[in-house]
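> Pasting in a structure now, in structure tokens, and then I'll have a few things to ask.
This is the structure:
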């Protein structure tokens, strides 16, 4: 039983060329923005100053952020630390400004409203992600993409493997491009979201390709484009339910999760849309353009022992 029952075949592949052109433009725009604007690295990558302050009553984080923004610290990361009265403030490094000077400016801004605020500690912290770890992470992702290509090629067919890797690269580049163009802060939570997008997109692609392979073997007639359209239509109910329930959770995180996970929710929200799109118009379209056919997906026939011998008289 399907919640969303599509009576007629949806001709997804009829729009493959406009979709591929659109994706190419998005990728080029993302690459240009990453080269020119780069990413707005968060404190996890750049390091900075950590200031711990204490209030007499539960602190209002939104008010603290507003007070810091008014004096030029709009990039400050503000969060509770241990209790609702303790607040941890993280500031990006300022060239030529010492940590003690930053601390005095922050305390003056917080005490301007008349509240009693005590400084607990102030210290400079280095980046959690160094240059060596960044290079190793990039190498690890490249190896992961190669392993995914090998797995899908053995599990399905090499054309599907190339389509899957193309879809994953498409999703990652465009998601990073979004953060570069909008200059949204890129920290470890956003990096975790990008990795989650890769997993979500790959899972969606595997489901689609499994149905395509099944229909290539089951349907005796039909061109590759028709069979791919039928397969995508059959998986559309599952896609809508999976993406819809995931979006509900992410919307709650986006609007109610607070500033600390806003970037995480933004990356995943965008990734759900772009991952679903790439499973249809990148992975499937690339496999079709590479000439996938019924013969490529048929199981290899194993000859029985003695089948080529002459029958006994």
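In full-length UniProt numbering, the protein residues as written are 1 to 313. Just so it is clear, CB atoms sit at the ideal spot from N, CA and C, and this is done for glycine as well.
1) Tell me which same chain residues have a C-beta within less than 8 Å of the C-beta of residue 219, skipping the five on either side of it?
2) On the DSSP bridge assignment, give the partners of residue 41 in chain order.
3) On a Cα-Cα basis, can you pick out the residue from 179, 84, 42 that is closest to residue 34?
4) Specify the secondary structure class of residue 19 as computed by DSSP and reduced to three states.
5) Please report how far the alpha carbon of residue 51 lies from the alpha carbon of residue 171, in whole angstroms.
6) Going by the DSSP bridge assignment, what does residue 172 pair with across the sheet?
7) Have a look at residue 287 and residue 186 and give me their C-alpha separation to the nearest angstrom.
8) Got a sec, what are the start and stop residues for the alpha helix (DSSP H) residue 52 sits in?
9) Buried or exposed: which applies to residue 32, given that a residue is buried once 16 or more other Cβ atoms fall within 10 Å of its Cβ?
10) Quick check: the Cα distance between residue 206 and residue 90, rounded to an integer number of angstroms?
11) Taking 7 Å as the cut-off, is the CB of residue 112 close to at least one heavy atom of the ligand SAM?
12) Apart from the five residues on each side of it in sequence, which residues of its chain come closer than 7 Å, Cβ to Cβ, to residue 246?
13) CB residue 70 to CB residue 109, shorter than 8 Å?
Quick look at the numbers:
1) Numbered from 1 along the chain shown, position 219 holds the residue referred to as residue 219. So the list reads 227, 230, once near-sequence residues are dropped.
2) Position 41 of the chain shown, counted from the first residue, corresponds to residue 41. Answer by DSSP bridge pairing, in chain order: 186.
3) Working through the chain shown from its first residue, we reach residue 34 at position 34. For the set 179, 84, 42, the Cα lying nearest the Cα of residue 34 is the one of 179.
4) In the chain shown, counting from the first residue as 1, residue 19 sits at position 19. In the structure shown, residue 19 sits in a helix (DSSP, three-state: H, G or I).
5) Within the chain shown, the letter at position 51 stands for residue 51. Within the chain shown, the letter at position 171 stands for residue 171. Counting only the Cα atoms, residue 171 lies some 37 Å from residue 51.
6) For the purposes of this step, residue 172 is taken as residue 172 along the chain shown, with counting starting at 1. Looking at the DSSP assignment, residue 172 forms no beta bridge with any residue, so it has no partner.
7) Position 287 of the chain shown, counted from the start, is the residue given in the question as residue 287. Position 186 of the chain shown, counted from the start, is the residue given in the question as residue 186. Each residue's alpha carbon lies about 33 Å from the other.
8) Along the chain shown, one-based indexing puts residue 52 at 52. No alpha helix (DSSP H) contains residue 52, which is instead part of the beta strand (DSSP E) from 48-55.
9) Numbered from 1 along the chain shown, position 32 holds the residue referred to as residue 32. Per the 10 Å Cβ criterion, exposed.
10) As a working note, residue 206 is residue 206 in the chain shown. As a working note, residue 90 is residue 90 in the chain shown. Straight-line spacing of the CA atoms in residue 206 and residue 90 works out to 41 Å.
11) The ligand SAM is not among the ligands present in this structure, which contains no ligands whatsoever.
12) Along the chain shown, one-based indexing puts residue 246 at 246. For residue 246, where only same-chain residues beyond five positions count, the Cβ hits under 7 Å are 272.
13) Position 70 of the chain shown, counting from 1, holds the residue named residue 70. Position 109 of the chain shown, counting from 1, holds the residue named residue 109. Yes, Cβ-Cβ distance for residue 70 and residue 109 is below 8 Å.
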